[in-house]
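Q: If you count the sequence shown from 1, you need to add 70 to reach my numbering.
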Amino acid sequence: MAIPDHHSRNFQTLLRAAEDGNLALMECTDSATGEPKYVLCAVGRDGEAYIMTPFGHLCEGDPYLAYVPPGNPETF
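1) Per DSSP, M122 forms a beta bridge with which residues?
2) Counting only the same chain and skipping the five closest in sequence on each side, list residues whose C-beta sits under 7 Å from that of M96.
3) Ignore the nearest five residues each way along the sequence and tell me which others in D100's own chain have a CB closer than 7 Å to its CB.
4) Could you say which of Y137, G141, F125 and G91 lies nearest to C98 if we only look at CA atoms?
5) One question on the structure: do V113 and A94 come within less than 7 Å of each other, judged by their Cβ atoms?
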């Protein structure tokens, strides 16, 4: 299974943000459920304002149980 180009570009953006010290973890509210989510964001600036670009949220519970890797499930 190939990773879509837009996901690869977003991942590269996250790597650059991390290298530059412009990565943040924010507590947000899930728009569908109203539950709190902890969201990984790149931090930018627009003049004096901070711009937070969300890329994904942290998994609730045990992430080893939430995902199955391709190929051998034992690889995690």
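Virtual Cβ for every residue (Gly too), placed ideally from N, Cα, C. Fair warning: this is a prediction, and the values are worked out from it, not measured in the lab.
A: Result, derived from the coordinates:
1) V113
2) Cβ within range, chain order: V109, C111 and M122.
3) K107
4) F125
5) yes
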